[in-house]
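The structure appears right after this line, and notes come after that.
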Amino acid sequence: MPPETPAATPDIEVPVLVVGGGGAGLTSSMLLSGLGVEHLLVSALPTTSTLPKAHVLNQRSMEILEDAGVSEAIYARSTPAENMRAMGWYAGLAGADPDLGRTIAKIECWGDGGQNVNWQQASPLRSANLPQIRLEPVLRARAEALNPGHVRFHHELTRLEQDAEGVTAWITNRDDGSDYTVRARYLLGCDGGRTIPRLVGIAHQGLGVIAQTATAHVSADLSQLARDPDVLIRWIWCPAIGEMAVLVPMGPDHWGPESEEWVFHITYQGEGPRDLTDAQIVANMRLALGIPELPMTVHKITRWALEGVQAERFRAGRVFLVGDAAHRHPPTGGLGLTSGIQDAHNLCWKIAAVLAGQAGASLLDSYEAERAPVDGHNIRRSMENSMGHMAIGRAMGLSPDATAAQNWAEVKRLLSGLPQDAAHRATAMRAIRALSMEANELNVEYGYRYASGAIVGDGTTPPANADEIRLYEPSTFPGSPLPHAWLDDEAGARLPIKDLVRPGRFLLIAGENGAPWCAAAEALARANDLPLDVRRIGHLDGDLFDPRLMWARARGISETGAVLIRPDRVVCWRQAEAGDAPAASLTAALGTVLGRHLAAG
């Protein structure tokens, strides 16, 4: 049993303790290692996820995972681009009727396998798809390689206390029953909310339960039934039960219709599957898909609520909640895991800067101020996506209260091609097109803007947007992610602008005639020992060149202006034109961001 009072001399002292070994915790560990921050990760679970769980990794998350050195390994195991170009809606899956399994409609998803020009202009990387059961071992291997001996699974935090200087945690090694204490300056709660929120007194606020879901992870050969190799997610409307079902390939060695494993989700209204046995859920799945005799191995059945939940606070003293510990999402839209990865990206550089004495402790206040609104928006979007799928069912005329024959008659109307059914089909097709708000929510993934003490406004208003969900318009408005652009160096070698931002370092980008800004930034960095790089970028002149004018379209400054980028590739200040006192302007701006007084350069 742990002692009743904090140990006078802890067994381990580290600047940061990460609790939880899922996507958020492992990403935090990898990023902290890249920033040179000593830390320990413990997870109560014996291993990484045994469930497929989340699988979509959007472009910005892949950029962060590239920072961590795992993007190539993820792409190597991910769904090939040609197998994740669309999501489709189907009239059942299989059965005697020739219309069973017919495609009702398809729409592009997550950048059309990298072909959509809007997504190409947002990032040099494409979205990926790798279920957590396969993703987390890749992350764990990288985290262990970067921090050997300090990534510990089956080590459970049982108690913690904090004071003005740090956190003391009591850990039990569940493999041998031994106990030890850890003293850390900061603790990152990445445990999915299992323990840390309760121990620090942070409650969660439910944003609503939409429905109940049962999930079956199975191995089966569906290659003759799952049509359309370009489809990643199959939304199957099942006349036999009048409910929505979802089929998602899980690989691991083949994808598309050839996938060896699948996840099947079936959503129930009301009480749902809680009182159903596993056998009953499997029977419902077979009935819904029309595959009563198909050979199948069932790996796992799970039951869960389709709901949104967010922590009332993301911080308690020196403890920060990251990922699912702070927010939980319906899976629609693929925003849950990616939100957690981006939480870690926002927080880790700030902790590193404070530990190194480069920033004041007030910088850490910006974590909740920035991430809580974005995560809350992502939860709401996920819930709206789920409700959008239910609206499609209503538009198709399907109901769990109707008979199979009645539901099938409604589906037949969608497929008949008869003039008297045209209005019915048009209504359903409009509801499906509306789901581009899930499949093409590029502005949700990239168009957010942070507002906090670590962002310095420039007195302008954000540009208007014709579609706040689907249309991402890159901008250097303070608080925005750094817009993507391809640049050339003097030798003609091409690189993405994001690669100019190195781990833990700020970047000042000046216009081609912005040399005074660069000189001021270099002097400021020397005077305060700050990690700050400078570059001039222009089409004809500069340190780097903008051959496609991608940067020119988005930079929001003149050839004499400057933009300041944080280590998490977020614009934190800009000045459109040359000023009378560049050194004073830049010193004030960076001092505000870092929460400390800076000496003039």
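So the sequence shown is numbered by full-length UniProt numbering: it starts at 1 and just counts up by one.
Idealized CB from N, CA, C, for every residue including glycine.
- Here the C-alpha atom of residue 262 lies approximately 25 angstroms from the C-alpha atom of residue 391.
- For residue 189, the enclosing beta strand (DSSP E) starts and ends at 179-189.
- Residue state for residue 109 is assigned as coil, using DSSP reduced to three classes.
- Taken through DSSP and simplified to helix, strand or coil, residue 61 comes out as helix.
- Counting only unbroken stretches of 3 or more residues, the beta strand (DSSP E) elements lying wholly within the region 96-169 are 102-108, 151-153, 155-162, in sequence order.
- By the 16-neighbour rule on beta-carbons within 10 angstroms, residue 389 is buried.
- When the Cα atoms are used, residue 385 and residue 332 turn out to be separated by approximately 6 angstroms.
- At a Cβ-Cβ threshold of 8 angstroms, residue 182 and residue 40 count as neighbours.
- The beta carbons of residue 442 and residue 118 sit closer together than 8 angstroms.
- In the DSSP assignment, residue 16 forms a beta bridge with 39, 186.
- Rounded to the nearest angstrom, the gap between the Cα atoms of residue 244 and residue 267 is 6 angstroms.
- For residue 507, the enclosing beta strand (DSSP E) begins and ends at 506-510.
- By the C-beta density criterion, residue 473 is buried, having at least 16 other C-beta atoms within 10 angstroms.
- Rounded to whole angstroms, residue 500 and residue 531 show a C-alpha spacing of 13 angstroms.
- For residue 210, the enclosing beta strand (DSSP E) has its first and last residue at 204-219.
- Secondary structure remark: continuous alpha helix (DSSP H) runs of at least 4 residues inside the region 475-563, in chain order: 515-528, 550-554.
- Counting only runs of 4 or more residues that sit fully inside the region 417-478, the alpha helix (DSSP H) segments are 422-433, 436-439, 442-446, in chain order.
- Inter-segment contact for the region 309-323 and the region 19-32 is present: three or more beta-carbon pairs are separated by less than 8 angstroms.
- Counted as a single uninterrupted DSSP element, the alpha helix (DSSP H) harbouring residue 380 occupies residues 366-396.
- Between residue 514 and residue 562, the C-beta gap is smaller than 8 angstroms, which places the two residues in contact.
- For residue 471, the CB contacts under 7 angstroms within the same chain, skipping 5 residues up- and downstream, are 443, 465 in chain order.
- Counting the other Cβ atoms within 10 Å of the Cβ of residue 381 gives 16 or more, which makes it buried.
- Put simply, of 526, 355, 18, 348 the residue whose alpha carbon is nearest the alpha carbon of residue 150 is 18.
- Rounded to the nearest whole angstrom, the CA to CA distance from residue 291 to residue 114 is 34 angstroms.
- In terms of Cα proximity to residue 287, the closest of 239, 299, 317 is 239.
- Distance between residue 370 and residue 452, taken at the CA atoms: about 6 angstroms.
- Ranked by how close their Cα comes to the Cα of residue 297, the residues 450, 77, 282 have 282 in first place.
- Inter-segment contact for the region 516-533 and the region 477-485 is absent: fewer than three beta-carbon pairs are separated by less than 8 angstroms.
- When secondary structure is reduced to three states using DSSP, residue 288 falls in the helix class.
- For residue 239, the secondary structure class from DSSP, reduced to helix, strand or coil, is coil.
- Close CB contacts of residue 336 within its chain, under the 6 angstroms cut and outside five residues either way in sequence, are with 54, 329 (chain order).
- Counted as a single uninterrupted DSSP element, the stretch harbouring residue 255 is not any alpha helix (DSSP H), since DSSP gives it neither H nor E.
- In terms of Cα proximity to residue 284, the closest of 596, 357, 216, 47 is 216.
- For residue 137 and residue 162, the gap between their C-alpha atoms comes out near 32 angstroms.
- Shortest Cα-Cα distance from residue 427 to any of 402, 521, 397, 312 involves 397.
- Using a Cβ distance threshold of 8 angstroms, residue 492 and residue 512 do not count as a contacting pair.
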